[in-house]
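Mapped onto mature numbering (1 follows the signal peptide of the UniProt record, and there is no 0), the consecutive letters of the sequence shown carry residue numbers -26 to -1, 1 to 651. C-beta: ideal position from N, C-alpha, C; glycine also.
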Amino acid sequence: MGNDTISSSIYFVMLLAISMAACVSSFAVPSSAKSSSSSFSAEAEALLNSGWWENFSSTKHCDLGGITCNTAGSVAQMEVHSFNYSHRSLSNMNWSSLPNLEYLDLSDSGLIGGIPGEIGTLSKLTYLDLSFNFRLHGVLLPDLGNLTQLVHLHLGGTDIRGPIPSTIGNLRNLIHLDLNSNNLSGSIPPEIGNLKNLVKMNLGFNHLQGPIPSSIGNLSALTYLSLYLNQLSCSIPPEIGNLKNLVQMNLALNHLQGPIPSSIGNLSALTYLSLYSNQLSCSIPPQIWNLKSLVRMDMGSNILNGSIPTSIGHLSNLTFFYLDLNQLNGPIPCEIGKLENLVELNIALNNLDGSIPPSIAKLSVLTYLSLHSNKLNGPIPPSIGKLSALTNLSLHSNQLSGCIPQEIGNLKSLVYMDMSFNVLNGPLPSSIGNVSSLTYWSLRSNKLSGCIPSSIGHLSHLNFLYLNSNKLNGPIPHEIGKLKYLFELNISLNNLDGPIPSSIGNLSYLTHLSLHSNQLSSSIPAEIGKLMSLVEMDMSFNNLNGSIPDLIGNLANLAHLDLRINLLTGPIPNIICGLKNLKVLQLSDNLLSGHIPGQIGGLCRLEYLGLGRNDLIGAIPSGLTYLPQLEPFLFKWPRTEIHGSRAGTMCYVVFISLCFDAFLAEHMEIAEAFLEG
């Protein structure tokens, strides 16, 4: 019995011990778990202390907006685009407490301050985007080179300054590098050539200087290269021809010099090439014309010379082609007609000669054609009327001759047409009325003759019409009053006759009206007073008669009024003195009579007043002598009687207007001395 009792007691004690051990075991925490828990606590504390999230205390750190944790519960991704306004700095975050962070996107989030060096401790980071934080400033720290796992780096659209650190060459896994639209300076480090996995590099819109490093030729995977709008100089390195996967290259708006390297012809995948606005010289290498994938080519605003070769016809995919503002010469090759996908063609501001090739009519999708400021001659080909998609046609400042073809009326999509400064002759095409979408039409400084066609009234969207400096004759058509959206009308320096049509009063948006140097007759229509937007009106050098209409006083915005050298009679209307914006009032060489209105001295902005060679009488209004900006106003002594207390003061002005008008400034002292003597 005793032995059984002892055995039972021992068994009970052992059972109790095992139970207690199991209990203790269930409450024990392994050391690794302790470490993990401590780490997560540090992450949570870092997020809490940043102040970037509101109501943090009621939310687990992995459940915060923009936070993604890995399976172990550690912060792996952070994508936040809005912050508590008073805690918008990167320095608010303890980055060293986030060792497992792989993805960081804080783009367009209103960040301020600099990029702390602590970010360089995020050794697992593969994606970093701080772009479009316009008040993020400071410099790119060398610590950035520690992020050796980085695949994507986007810091564009910030205010980061200083040089690109050479340590960027450590980021050998980088595929996407975007530092555009900052204030980076200094040179592009040659270590950039270490980034052999790079597919996209954008360093545009900075202040980078010096040469493009030849090591750029090592980036054999590159498909996109943008260095535009910097201050890069020297020549384009020939090694750029090694980038055989390149699809887009933009080196525009720099100070690059010398010839375009022929090795560019190796870039057979290239679709976009922009070398615009540099100082590139010599002829375009023939290899460029073999880039059959090109869709857009812009080499405008350089000093390229030589001719456009016939091999341009190989670029059958070309959609946009710009060679403007160079020193190219020779003819436009007929082969340009093979570019049937061309939408915009600009070869203006060169020394191109010869005629416009009729083959240009094959460019059926062309919307923009600019050939201006060359030495092109011969007629405008009638086949140009086949360009039915054309919206912009600029042929001005050439030596084009012959008539404007009636086929121009087929260009029903045309919005802008400028053929000024040529030697075109013959009549204006009556078919112009079909081009009802036209907003800008200039034929100034040609030798065009005949009447202005009444079909002009169909151009109901026209804003600007310039037909000045031609040999047009006949009357101004009444239909001109249908151009209700016209801002500027200049038909001066022609042989137009007859009256100014009263319908001109319908042009309520008109700001500039120039009819000078014609043979217009009859009186100024009272309807001119409806042109409430008018700023400048010039009807000088005509045969206009009758009185100046009182309704001219309605033109409250008028700054320049020139009616000189006409046959106007009657008094100067007092209502003119209410035009408070008037700077120039020129009424000389008419038959005006009566007194100078006393209120004319109230035109406080007046800078020039011409009243000479009229039949005016009476005293000079005293207010005129107190207008500080007023140039000497003109009287003709034999036909103008002036007197009053100010007459003696103004005597030398009268004399100089007769004898020394052309030398007024130079000989003022001589004239005054002569009068005093």
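In the structure shown, what three-state DSSP assignment does Thr284 receive?
helix
Beta-carbon contacts of Leu436 that lie in its chain and below 7 Å, excluding the five residues immediately before and after:
Only Leu412, Thr413, Trp415, Leu457, Tyr459, Leu460 meet the Cβ criterion.
If you follow the beta strand (DSSP E) that Ile277 is in, where does it begin and where does it stop?
277 to 279
Where does Thr293 sit, in a helix, a strand or coil, going by DSSP?
In the structure shown, Thr293 adopts coil according to DSSP, grouped into three states.
Here's the rule: buried if 16 or more other CB atoms are within 10 angstroms of the residue's CB, otherwise exposed. What is Asn44?
exposed
Using a threshold of 8 Å, state whether the C-beta atoms of Met393 and Leu364 are closer than that.
With contacts defined as CB atoms closer than 8 Å, Met393 and Leu364 fail to qualify as a contacting pair.
Can you tell me where the beta strand (DSSP E) with Arg270 in it begins and where it stops?
270 to 272
Pairwise C-alpha distance: Leu115 and Met175:
19 Å
Whole-angstrom distance between Ser83 and Ser410, CA atom to CA atom
Across the structure, Ser410 and Ser83 are spaced so that their CA atoms are roughly 48 Å apart.
Could you check if Tyr202 is buried or exposed, using at least 16 other CB atoms within 10 Å of its CB as the buried criterion?
buried
Measure the Cβ-Cβ separation of Lys266 and Leu241 and say whether it is below 8 Å.
no
Where does the unbroken beta strand (DSSP E) through Asn224 begin, and where does it stop?
Where Asn224 is concerned, the enclosing beta strand (DSSP E) stretches over 222 to 224.
List the whole-angstrom C-beta distance separating Leu177 from Ser155, where the pair is believed to meet the contact cut-off of C-beta under 8 Å.
The Cβ separation is near 10 Å, so there is no contact.
Give the range of the beta strand (DSSP E) segment to which Gln301 is assigned.
Neither: Gln301 is in no beta strand (DSSP E) and is coded neither H nor E.
Rounded to whole angstroms, how far is the Cβ of His534 from the Cβ of Lys557, which I believe are closer than 8 Å?
Contact holds; Cβ gap of about 6 Å.
Ordered along the chain, which non-local residues of its own chain (more than five positions away) have a Cβ less than 8 Å from that of Phe179?
Cβ neighbours of Phe179 beyond the five flanking positions: Asn154, Ser155, Asn156, Tyr202, Leu203, Asn204.
What ranges does the alpha helix (DSSP H) occupy inside the segment 140 to 184, keeping only unbroken runs of at least 4 residues that lie completely in it?
none
Can you check which of these residues, Ser514, Ile550, Asp512, is closest to Pro523 by C-alpha distance?
Residue Ile550 is the option with its Cα nearest to Pro523.
For Gly576, which option in Ser140, Gly597, Tyr246, Leu583 has the closest C-alpha, if you only look at C-alpha atoms?
Gly597
Residues near Arg418 by beta carbon distance below 8 Å, same chain, minus five either side
Ser394, Phe395, Tyr440, Leu441, Asn442, Ser443, Asn444, Asn464
Straight-line CA distance for Leu129 to Asn366?
39 Å
Test item: CB-CB of Ile282 and Pro307 under 8 Å
yes
Terminal residues of the continuous beta strand (DSSP E) containing Lys421?
421 to 424
Out of Val54, Leu340, Ser429, state which residue places its alpha-carbon closest to the alpha-carbon of Val317.
Leu340
Identify which residue in Lys170, Leu313, Glu314 has its Cα closest to the Cα of Ile149.
The shortest Cα separation from Ile149 among Lys170, Leu313, Glu314 belongs to Lys170.
Let me know if Gly584 comes out buried or exposed under the rule of 16 or more other beta-carbons within 10 Å of its beta-carbon.
buried
CB of Leu302 within 8 Å of CB of Asn320, strictly:
no
Check each candidate in Phe295, Pro331, Pro571 and name the one with the smallest Cα separation from Gly304.
Pro331
How many angstroms separate the CA atom of Leu102 from the CA atom of Leu127?
5 Å
Buried or exposed (CB count within 10 angstroms, at least 16 for buried), Thr122
exposed
Pick from His432, Ser429, Gly472: whose alpha carbon is nearest that of Pro449?
Nearest Cα to Pro449 within the set His432, Ser429, Gly472: Gly472.
Hey, could you find the ends of the beta strand (DSSP E) Ala370 is sitting in?
With the sequence shown as reference, residue 370 is identified as His, and Ala is not the correct amino acid for it. Counting along the chain, His370 falls outside any beta strand (DSSP E), and DSSP gives it neither H nor E.
Judging by CA-CA distance, which residue of Ile354, Leu85, Phe30 is the nearest neighbour of Gly328?
Ile354
Three-way DSSP call (helix, strand, coil) for Cys256 in this model
strand
In three-state DSSP terms, what is Lys360?
Of the three classes helix, strand and coil, the one that applies to Lys360 here is helix, per DSSP.
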